[in-house]
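**Q** Let me give you the structure first, and then I'll get to my questions.
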Amino acid sequence: MLRELIGALHTEFRSFELRGARGTAAVAAALSVSLALLAAFLLHSDEPWWAVISAWMMTRSSLAAALSRGAMRIIGSVVGAAIAVIVIGLFVYDPLPFCLCLFALAFAGLIGFATSRHGYAWLIGAITGNLVMLMALDQPQITFTIAVNRVFDVTIGTTAALLVTFLLPEDTAVASPASSPPTPPPLLFWTRRHADEFERWLRQIWPLVGHACRGSLTVMLLPLLLTSLAPLGASSMAVTAVAVMAVPTTAIIEPDARTIIQRAMYRLAGCALGALMGLFCLYWVGSSLLVWLLLLMAGTWLSSQIQSGATGIGYVGTQAGFAFLLSMIQGQGPPLSPTPGLDRFAGIMAGLSVLLVITMAMSLFRQAPSATASASGD
416 MLRELIGALH TEFRSFELRG ARGTAAVAAA LSVSLALLAA FLLHSDEPWW
466 AVISAWMMTR SSLAAALSRG AMRIIGSVVG AAIAVIVIGL FVYDPLPFCL
516 CLFALAFAGL IGFATSRHGY AWLIGAITGN LVMLMALDQP QITFTIAVNR
566 VFDVTIGTTA ALLVTFLLPE DTAVASPASS PPTPPPLLFW TRRHADEFER
616 WLRQIWPLVG HACRGSLTVM LLPLLLTSLA PLGASSMAVT AVAVMAVPTT
666 AIIEPDARTI IQRAMYRLAG CALGALMGLF CLYWVGSSLL VWLLLLMAGT
716 WLSSQIQSGA TGIGYVGTQA GFAFLLSMIQ GQGPPLSPTP GLDRFAGIMA
766 GLSVLLVITM AMSLFRQAPS ATASASGD
C-alpha cells in the first residue's frame with residue numbers, strides 16, 4: 416500500500432497543471448483560503464481556521480453547485496450548532512450520554528451525507544455540532560457564544576469561496592457528477608407487503624451503516640481516549656473530530672476490506688503529509704505576514720493539485736489540505752511557536768489512528784457475508 420501511495424504521489428507531482436480545470440481549481444482554492452483568512456482577521460474571528468476550512472471545502476464546484484453547497488453549509492451549521500447548545504445544556508456533566516450524543520450526531524450526519532440529496536447539509540450539521548460540543552467541554556457556560564462564532568466563521572469562508580468562484584472563469588470539468596442516493600425505505604416497512612422491499616433496502620444501506628459506525632465510534636471515543644493517548648485540550652479534540660469526519664464522497668462505500676483499510680491508511684498519510692508540510696513552512700515564516708500568506712497559498716495550491724488529480728488519491732489531497740491549514744493557522748496572525756501545530760498534528764494522528772484500528776476491526780466482520788453469498792451462488 417505504501418509503495419502504491421508513493422508511486423501515485425510521484426505521478427501527481429509530475430503532472431501538476433498551471434492551466435485548465437486542475438490549475439483553475441488550485442488557484443481558486445488558494446485565493447479562497449487567503450481571502451477567507453484575511454476576512455476572518457478583519458472581523459476579529461476567534462478561530463479563523465474554521466473560516467479557512469469552510470473556504471477550502473467550497474472550492475471544488477461550479478458556481479451553480481457552489482451556491483447550493485454554500486446554502487447547505489450555512490443551514491447545516493446553524494442546525495448543528497443549535498443541537499450542540501441543547502446537548503451541552505443537558506449532558507455536559509454526564510460522560511456516557513454526552514458520548515452517545517456525539518455518536519448519534521456523527522452517525523446521522525454520515526448516513527444523511529450518503530443517502531440524502533441534501534447530504535452536504537447533514538454532514539456539515541454533524542461536523543459543526545460535534546465541533547461545538549467538544550470545544551465547549553472546558554467552558555460550557557459560553558457554548559452559545561462558541562456556536563454563534565462557528566456559524567459566523569462558516570459564513571465568512573463560504574462567502575469568500577463563492578466570491579472567488581464567481582470571479583474566476585468557470586470550467587465545467589471541475590464539477591464532479593452527482594451520485595444518486597439510495598432509495599428511501601418503505602414507510603410501511605412493518606407490513607408483510609413491504610417486507611421484501613425493506614429487506615432489499617437494508618442490504619443496499621448496510622455498507623453505509625458500517626461506514627457511519629466507523630467514524631461515529633471514533634468521534635465518540637475522542638473524549639475518552641485522547642486524554643490518555645495525547646493530553647490535548649478541547650479545541651484540539653474538536654479539530655481531530657473534524658479531520659475524522661471529513662470523508663470524501665468516493666470513500667463511502669468500499670468493495671472489500673482491503674480497500675477500506677487502504678483508504679484509511681491513505682487518509683492517515685494525507686494528514687501526516689499536510690501537517691508536516693505546514694510545520695516545515697512555519698520554520699521559515701518567523702513574524703512575516705507576507706511570507707506566511709504566500710506559503711499558505713502555496714501549500715493550499717499543492718494540496719488542491721493532489722486532490723483533483725487522476726491517480727485516485729484525491730482524498731489524500733483533501734486530508735493534506737486540512738492538516739496543512741490547521742497547522743499553519745493558529746490565531747490572529749503568523750504563529751509565534753510551532754507548538755500548537757504540533758499539538759494539532761498529534762491530535763489528528765491519534766484520532767485517525769483510532770479510526771484505522773476501528774476500521775481494521777470492523778473489516779473482520781465483512782468476510783462472513785461474502786463467504787455466505789459466494790456459497791449460495793455456487
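Read the sequence shown against our numbering and you will find it ends at 793, with the numbers running on by one and no gaps.
Positions of the beta carbon are idealized from the N, C-alpha and C atoms, including for glycine.
On a predicted model such as this, the values are computed, not experimentally measured, just so you know.
1. In this structure, how does DSSP classify alanine 519 when only helix, strand and coil are distinguished?
2. How is aspartate 509 classed by DSSP in three states: helix, strand or coil?
3. Might you give, ordered along the chain, the residues of its own chain that have their beta carbon closer than 7 Å to the beta carbon of arginine 565, omitting 5 neighbours on each side?
4. In angstroms, rounded to a whole number, what distance separates the CA positions of valine 772 and arginine 532?
5. Just reading off the alpha helix (DSSP H) that phenylalanine 431 is part of, what are its end residues?
6. Evaluate tryptophan 707 with the Cβ neighbour count: other Cβ atoms within 10 Å of its Cβ, from every protein chain shown; 16 or more gives buried, anything less gives exposed.
7. Less than 8 Å between the beta carbons of alanine 358 and glycine 540, yes or no?
8. Which same chain residues, not among the five before or five after threonine 426, have their C-beta less than 7 Å away from its C-beta?
9. Distance, Cα to Cα, leucine 538 vs arginine 437?
10. Could you check how far apart the C-beta atoms of leucine 525 and glycine 630 are, in whole angstroms? I think they sit under 8 Å.
11. Run the CB neighbour count on histidine 459, radius 10 Å, all protein chains shown included, and call it buried at 16 or more, exposed below.
12. Do you know whose CA, among Thr733, Ser702, Gly693, Met635, lies nearest leucine 741's CA?
13. Measure the alpha-carbon distance for isoleucine 557 versus aspartate 461 and round it to whole angstroms.
14. Given this structure, state the Cα-to-Cα distance separating alanine 443 from glutamine 619, to the nearest angstrom.
15. Relative to the alpha-carbon of methionine 775, which residue among His626, Gln747, Ile421 has its alpha-carbon at the smallest distance?
16. Candidates Leu505, Thr530, Gly485: which alpha carbon is nearest valine 569's?
17. Less than 6 Å between C-beta atoms, sequence neighbours within five positions excluded: which residues of the same chain meet that for leucine 770?
18. Identify which residue in Leu751, Pro749, Leu639, Ala713 has its Cα closest to the Cα of alanine 765.
19. Does the Cβ-Cβ distance between glycine 736 and serine 718 come in under 8 Å?
20. Under three-state DSSP, which class holds glutamine 747?
21. Taking its Cβ as the centre, do 16 or more other Cβ atoms sit within 10 Å of proline 750, making it buried, or is it exposed?
22. Less than 8 Å between the beta carbons of isoleucine 503 and proline 463, yes or no?
23. Between Phe506, Gln722, Val731, which has its C-alpha nearest tyrosine 681's C-alpha?
24. Could you spell out where the alpha helix (DSSP H) holding leucine 578 opens and where it closes?
25. In angstroms, rounded to a whole number, what distance separates the CA positions of phenylalanine 581 and glycine 689?
26. Within 10 angstroms of the Cβ of aspartate 553, are there 16 or more other Cβ atoms? Answer buried if so, exposed if not.
27. Distance check for tryptophan 716 and alanine 445, CA to CA, integer angstroms please.
28. Grab the span of the alpha helix (DSSP H) containing proline 555 for me, first residue to last.
29. My assumption, with CB atoms under 8 Å, is that leucine 578 sits in contact with leucine 450. Please give the rounded CB distance.
30. Quick check: the Cα distance between alanine 454 and arginine 615, rounded to an integer number of angstroms?
31. Quick one: grab the DSSP three-state call for methionine 473.
32. Between threonine 439 and leucine 511, what straight-line distance do the alpha-carbon atoms span, to the nearest angstrom?
33. How about leucine 711 and methionine 743: do their beta carbons lie closer than 8 Å?
34. Would you tell me roughly how many angstroms separate the C-alpha atoms of aspartate 509 and leucine 515, rounded to the nearest one?
35. Skipping 5 residues on each side, what residues in its chain have a beta carbon closer than 6 Å to that of isoleucine 498?
**A** Per the coordinate set shown:
1. To locate residue 519, count along the sequence shown from 1; it is residue 104. In the three-state scheme derived from DSSP, where H, G and I count as helix and E and B as strand, alanine 519 is classed as helix.
2. By one-based count along the sequence shown, residue 509 stands at place 94. Coil at aspartate 509, not helix or strand.
3. If you number the sequence shown from 1, residue 565 lands on position 150. These residues qualify, in order along the chain: Trp465, Ser492, Ala496, Thr543, Leu546, Val547.
4. Here residue 772 is taken as the residue at index 357 of the sequence shown, counted from 1. Here residue 532 is taken as the residue at index 117 of the sequence shown, counted from 1. Distance between the alpha carbons of valine 772 and arginine 532: 31 Å.
5. Counting from 1 along the sequence shown, the entry for residue 431 is found at position 16. Unbroken run through phenylalanine 431: none, as it is neither H nor E.
6. The residue you call residue 707 lines up with position 292 of the sequence shown. Buried: at least 16 other Cβ atoms inside 10 Å.
7. With the chain represented from 416 up to 793, any question about residue 358 goes unanswered, as that position is not in the structure.
8. Residue 426 sits at position 11 when you count from the first residue of the sequence shown. Closer than 7 Å at Cβ, skipping near neighbours: Thr726.
9. Here residue 538 corresponds to residue number 123 of the sequence shown, with the count starting at 1. Here residue 437 corresponds to residue number 22 of the sequence shown, with the count starting at 1. If you draw a straight line from the Cα of leucine 538 to the Cα of arginine 437, it comes to about 26 Å.
10. For the purposes of this step, residue 525 is identified with residue 110 of the sequence shown, where counting begins at 1. For the purposes of this step, residue 630 is identified with residue 215 of the sequence shown, where counting begins at 1. Contact flag correct, Cβ pair sits at about 5 Å.
11. Translated into the one-based positions of the sequence shown, residue 459 becomes position 44. Histidine 459 should be labelled exposed.
12. If you number the sequence shown from 1, residue 741 lands on position 326. Per the Cα distances, Gly693.
13. Along the sequence shown, read from residue 1 onward, the residue named residue 557 stands at position 142. Along the sequence shown, read from residue 1 onward, the residue named residue 461 stands at position 46. Just so you know, the alpha carbons of isoleucine 557 and aspartate 461 end up roughly 13 Å apart.
14. Position 28 of the sequence shown, counting from 1, holds the residue named residue 443. Position 204 of the sequence shown, counting from 1, holds the residue named residue 619. C-alpha separation (whole angstroms): 37 Å.
15. Locating residue 775 in the sequence shown gives position 360, where the first residue counts as 1. Of the listed residues, the one whose Cα sits closest to methionine 775 is His626.
16. For this step, residue 569 is matched to residue 154 along the sequence shown. For the residues Leu505, Thr530, Gly485, the minimum Cα distance to valine 569 belongs to Gly485.
17. Counting from 1 along the sequence shown, the entry for residue 770 is found at position 355. If the five residues before and after leucine 770 are omitted, its C-beta is found closer than 6 Å to the C-beta atoms of Thr633, Val659, all from its own chain and listed in chain order.
18. Sequence index remark: in the sequence shown, residue 765 carries index 350 (1-based). Of the listed residues, the one whose Cα sits closest to alanine 765 is Leu639.
19. Taking the sequence shown and counting its residues from 1, the one referred to as residue 736 is at position 321. Taking the sequence shown and counting its residues from 1, the one referred to as residue 718 is at position 303. Yes, they are a contact pair.
20. Counting from 1 along the sequence shown, the entry for residue 747 is found at position 332. If DSSP states are grouped into helix, strand and coil, glutamine 747 belongs with coil.
21. Residue mapping note: residue 750 aligns to position 335 of the sequence shown, counting from 1. Buried.
22. Working through the sequence shown from its first residue, we reach residue 503 at position 88. Working through the sequence shown from its first residue, we reach residue 463 at position 48. No, the pair does not count as a contact, with Cβ atoms beyond the cut-off.
23. Here the question's residue 681 lines up with position 266 in the sequence shown. Residue Val731 is the option with its Cα nearest to tyrosine 681.
24. On the sequence shown, residue 578 is found 163 positions in, with the first residue counted as 1. 558-582 is the extent of the alpha helix (DSSP H) around leucine 578.
25. Position 166 of the sequence shown holds residue 581. Position 274 of the sequence shown holds residue 689. So the two alpha carbons sit approximately 28 Å from each other.
26. For this step, residue 553 is matched to residue 138 along the sequence shown. Label assigned to aspartate 553: exposed.
27. Within the sequence shown, numbered from 1, the residue matching residue 445 stands at position 30. Within the sequence shown, numbered from 1, the residue matching residue 716 stands at position 301. Rounded to the nearest angstrom, the two C-alpha atoms are 5 Å apart.
28. Within the sequence shown, numbered from 1, the residue matching residue 555 stands at position 140. Segment: none, proline 555 is in no alpha helix (DSSP H) and carries neither H nor E.
29. In the sequence shown, the residue the question calls residue 578 occupies position 163. In the sequence shown, the residue the question calls residue 450 occupies position 35. Yes, they are in contact, since the Cβ atoms of leucine 578 and leucine 450 sit about 7 Å apart, within 8 Å.
30. Along the sequence shown, read from residue 1 onward, the residue named residue 454 stands at position 39. Along the sequence shown, read from residue 1 onward, the residue named residue 615 stands at position 200. The straight-line gap from Cα to Cα measures roughly 49 Å.
31. In the sequence shown, counting from the first residue as 1, residue 473 sits at position 58. If DSSP states are grouped into helix, strand and coil, methionine 473 belongs with coil.
32. As a working mapping, residue 439 is identified with position 24 in the sequence shown. As a working mapping, residue 511 is identified with position 96 in the sequence shown. Approximately 47 Å between the Cα atoms of the pair.
33. Residue numbering aside, residue 711 sits at position 296 when the sequence shown is read from its first letter. Residue numbering aside, residue 743 sits at position 328 when the sequence shown is read from its first letter. Taking 8 Å as the Cβ cut-off, leucine 711 and methionine 743 qualify as a contacting pair.
34. By one-based count along the sequence shown, residue 509 stands at place 94. By one-based count along the sequence shown, residue 515 stands at place 100. So the alpha carbons of these two residues sit roughly 10 Å apart.
35. Against the sequence shown, residue 498 aligns to sequence position 83. Cβ within range, chain order: Gly544.
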